[in-house]
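Chemist: Taking this note's numbering, the leading residue of the sequence shown gets 694, the next gets one more, and so forth.
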Amino acid sequence: MQQKDWFKERGYPHFTNKTPKKVRKGVEKYIKARNKVAIHSFSPLIFKEIKQRRFKLSEFDGELRRSHRKISKNRIQSTTKVREILYSTHIDSHIYSYYTHKIIGPRYEEYLKKNTDLNVSITAYRRIKTIDGLKHKNNVHFAQDVFDEIKRRRNCAVLAFDIENFFPSLNHRLLKSIWSKVLDCKSLPEDHYNLFKAITKFSYVKLDDLKAGKRGFDEKNLAKLRRNGNDKYFESLKDLISSGTIIHKNQKKKDGNIVGIPQGLPISALLANIYMLPFDTKIIRYLVKERGMFYRRYSDDIILICSPEHIKEVKEIIGDEIQKLKLKISLEKTEITIFKEFNGRLQSYQLQEDKLKFNCPLNYLGFEFYGYQTLIKSKNLSGFYREMKMAIKRKNGKVSAVKEKYLLDEAPIFKTKIYRLYSHKGVKSRRIPTKKVEFKNGQQISRSFKRKYRGNFIKYAYLASETMNAPEIKKQLRNHPKILQKAINKYGFSNLADKDSR
694 MQQKDWFKER GYPHFTNKTP KKVRKGVEKY IKARNKVAIH SFSPLIFKEI KQRRFKLSEF
754 DGELRRSHRK ISKNRIQSTT KVREILYSTH IDSHIYSYYT HKIIGPRYEE YLKKNTDLNV
814 SITAYRRIKT IDGLKHKNNV HFAQDVFDEI KRRRNCAVLA FDIENFFPSL NHRLLKSIWS
874 KVLDCKSLPE DHYNLFKAIT KFSYVKLDDL KAGKRGFDEK NLAKLRRNGN DKYFESLKDL
934 ISSGTIIHKN QKKKDGNIVG IPQGLPISAL LANIYMLPFD TKIIRYLVKE RGMFYRRYSD
994 DIILICSPEH IKEVKEIIGD EIQKLKLKIS LEKTEITIFK EFNGRLQSYQ LQEDKLKFNC
1054 PLNYLGFEFY GYQTLIKSKN LSGFYREMKM AIKRKNGKVS AVKEKYLLDE APIFKTKIYR
1114 LYSHKGVKSR RIPTKKVEFK NGQQISRSFK RKYRGNFIKY AYLASETMNA PEIKKQLRNH
1174 PKILQKAINK YGFSNLADKD SR
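Here it is in structure tokens:
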């Protein structure tokens, strides 16, 4: 199987300089020297939060309604999903990436291929070929595999589990032991052990702490550093320490021990997969081989297909085995869906408090499966339209600012990007022109190039419709041109400045 290239240019500023392609050979030579990696000093990470506002069905005064808030433990709480992302310096990222793609990843793949059932069951963060061998599978194919198995079995139960706080809960002692097992070593080699320490005993700086107040970053200081050949936040790590910026350490504890690995590093996903290896192996042995059940795990999303009479047994085994890894199943996100024949077609029912709720779909990897049809998850569709309207609102705000600044009655409105991102005009993959600003010998240089554009949400939906043989997905989007035009008309955008997307 062709491996993904480990070397990737990263555009973000950090505490060390960027590493363009021209220095690749030097970087690779450094990383291949295992003795150097063994003593490499990993820099602090940068921490940021990604907030995703969500409408969820919540109960208020006995009435169910969709809201940004929910009542939990007699307290009103926000339903906003917060993802904590930590990212490393450019040289550190290259080390993590090289070890992921060239050293640890291939050993993990070798281990999986010794067991066919195990190999097909773990789907996330892997490059798995489609049946025709022309492409690699994505979440559309993985969801289709599950839905096809349900159609094959007809009358069955599907149990969907979610691991609570997955990345932040990984036990370090267990991770080290399983990592060694994958390498077929009694203990981690010195270079791997240095990576292990960097990932488990990490320090970080909050991105907001690097900003100069509410106005954002100190652009003058950053420009001064760039002119001196330093495309980073500080000239050196000593300057970071002397600046008074708080450097935090991982202090998340469970059962008195510090736990968790950063989510966002090039190696994080692989280590999370490796950590689950004992669990995957036991489930394959006890539930797949011995009882003929169907098992798939996509990161922390677990799917089991079995006969309805085995639901209790599956729940107990999953709970027991996950506890052995010192993890916990999220009861709030656990769903049980029953599929059976009704009026000549396969129909879904959700099991809630020992009662079957009719026509409630199985939610998996962004899709809703009803047995007789497959749809894109309504939450994802709503998110697409919400993002589209916000983008148009921001565009209008920028135009209004230009008109106010220059005292204009009219200002040109270019809708190329809006149409490319939110209409059928952005379905086609292509290279689009853009510019990149670089500093060379203290001089700012603007370089034009073409970046790869892979398509938009509409393209993804159309491909899902074709791959799953589900024309109903395209029907979900039949009104998107009208919704887009209505959002544009709300701000009185003129069509005079319109251009087709390039």
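Cβ atoms here follow ideal geometry from the backbone N, Cα and C, with glycine treated the same way.
1) Tell me which same chain residues have a C-beta within less than 6 angstroms of the C-beta of K1026, skipping the five on either side of it?
2) Determine, using beta-carbon pairs with one atom in the segment 984-1002 and one in the segment 829-842, whether at least three such pairs fall under 8 angstroms.
3) Short of 8 angstroms in beta carbon distance, which residues of its chain neighbour K1183, apart from the five on each side in sequence? Order them along the chain.
4) What first and last residue would you give for the alpha helix (DSSP H) that runs through N914?
5) In three-state terms, what does DSSP make of Q1040?
6) What number of angstroms, rounded off, separates the C-alpha of R800 from the C-alpha of D993?
7) Can the beta-carbon of I1125 be found less than 9 angstroms from the beta-carbon of K1143?
8) Do H733 and N832 come within 9 angstroms of each other at the CB atom, strictly closer than that value?
9) Ignore the nearest five residues each way along the sequence and tell me which others in K744's own chain have a CB closer than 6 angstroms to its CB.
10) Which value, in whole angstroms, describes the spacing of the CA atoms of E1009 and K869?
11) Once the 5 residues before and after H707 are set aside, which same chain residues still bring their CB inside 8 angstroms of it?
12) Can you look up V1095 in the DSSP assignment and give me helix, strand or coil?
13) Does the distance from the C-beta atom of I1015 to that of A853 stay below 9 angstroms?
14) Within its chain, find whatever has a CB closer than 6 angstroms to the CB of L1170; leave out the 5 residues flanking it on each side and keep chain order.
15) Does the separation of the CB atoms of A916 and L1068 fall below 9 angstroms?
16) Pairing CB atoms from the segment 803-813 with CB atoms from the segment 948-964, are three or more of them under 8 angstroms?
17) Mind checking which residues open and close the alpha helix (DSSP H) that includes E1061?
18) Which value, in whole angstroms, describes the spacing of the CA atoms of R819 and N728?
19) Only counting the same chain, and skipping five residues up and downstream in sequence, which positions put a Cβ closer than 7 angstroms to that of S1000?
20) Going by alpha carbons, who is nearest to S1075 out of K1017, F1051, L1055 and F1150?
21) So, helix, strand or coil for N966, using DSSP?
22) Which one or two residues does DSSP pair with H829 in a beta bridge?
23) With a Cβ-Cβ cutoff of 9 angstroms, do K741 and I788 count as a contact?
24) In angstroms with no decimal places, state the Cα-to-Cα distance between D1047 and E1159.
25) Helix, strand or coil, according to DSSP, for I1176 in the structure here?
26) Check D1193 in the structure and name its three-state DSSP category.
27) List in chain order: all unbroken beta strand (DSSP E) runs of 3+ residues lying wholly within the segment 979-1056.
28) From what residue to what residue does the beta strand (DSSP E) around L1114 run?
29) With DSSP as the reference, please indicate the residues paired to V898 in a beta bridge.
30) Kindly indicate which residue of K1070, F910, I1031 and I1111 has the alpha-carbon position closest to the one of L1177.
31) Go through its chain and collect everything with a Cβ distance to Y804's Cβ below 7 angstroms, but skip five positions before and after it.
32) Out of curiosity, what's the CA-to-CA distance linking H794 and S935?
33) Name the DSSP beta bridge partners of C849, please?
34) Give the secondary structure of F708 by DSSP, where H, G and I count as helix, E and B as strand, and everything else as coil.
35) Can the beta-carbon of L1018 be found closer than 9 angstroms to that of S786?
36) Taking only three categories from DSSP, how would you classify Y1146?
Modeler: Per the coordinate set shown:
1) Cβ neighbours of K1026 beyond the five flanking positions: D855.
2) Touching, yes, given that three or more Cβ pairs across the two stretches are closer than 8 angstroms.
3) Excluding positions up to five away in sequence, the list reads I1085.
4) That run of the alpha helix (DSSP H) goes E912 to R920.
5) Q1040 falls in the strand class under three-state DSSP.
6) CA-CA distance, R800 to D993, rounds to 21 angstroms.
7) Taking 9 angstroms as the Cβ cut-off, I1125 and K1143 qualify as a contacting pair.
8) No. Outside cutoff.
9) Excluding residues within five positions, the ones whose Cβ falls inside 6 angstroms are T773 and V775.
10) So the two alpha carbons sit approximately 27 angstroms from each other.
11) Taken in chain order, the residues that qualify are S736, I739, Y780, S781, T782, H783, K925 and Y926.
12) In this structure, V1095 counts as helix in the three-state DSSP scheme.
13) Contact flag unset, no.
14) Answer for L1170: A1154, listed in chain order.
15) In this structure, L1068 does not lie closer than 9 angstroms to A916 by Cβ.
16) Taking one beta carbon from each stretch, the segment 803-813 and the segment 948-964 have fewer than 3 pairs nearer than 8 angstroms; the two do not touch.
17) Run containing E1061: none in the alpha helix (DSSP H); it sits in the beta strand (DSSP E), F1060 to F1062.
18) Between R819 and N728, the C-alpha separation is close to 29 angstroms.
19) Excluding positions up to five away in sequence, the list reads C849 and A850.
20) Ranked by Cα distance from S1075, the first of K1017, F1051, L1055 and F1150 is F1150.
21) N966: helix per DSSP, three-state reduction.
22) K822, per the DSSP bridge assignment.
23) At least 9 angstroms separates the beta-carbon of K741 from that of I788.
24) Going by the C-alpha atoms only, they are around 36 angstroms apart.
25) If DSSP states are grouped into helix, strand and coil, I1176 belongs with the helices.
26) Its pLDDT being 44, under 50, D1193 is placed unreliably by the model, and nothing is read from it.
27) Taken in chain order, the complete beta strand (DSSP E) segments of 3 or more residues contained in the segment 979-1056 are 987-991, 994-999, 1028-1035, 1038-1045 and 1048-1051.
28) Boundaries around L1114 are those of the alpha helix (DSSP H), T1109 to Y1115, since no beta strand (DSSP E) includes it.
29) Paired residue(s): I739.
30) The option with the nearest alpha carbon to L1177 is I1111.
31) Counting only Cβ-Cβ distances below 7 angstroms, and skipping sequence neighbours, we find V875.
32) If I take the Cα positions, the gap works out to 36 angstroms.
33) Per DSSP, F1032.
34) Secondary structure of F708 (DSSP, three-state): coil.
35) The criterion of a C-beta distance shorter than 9 angstroms is not satisfied by L1018 and S786.
36) Here Y1146 sits in strand by DSSP.
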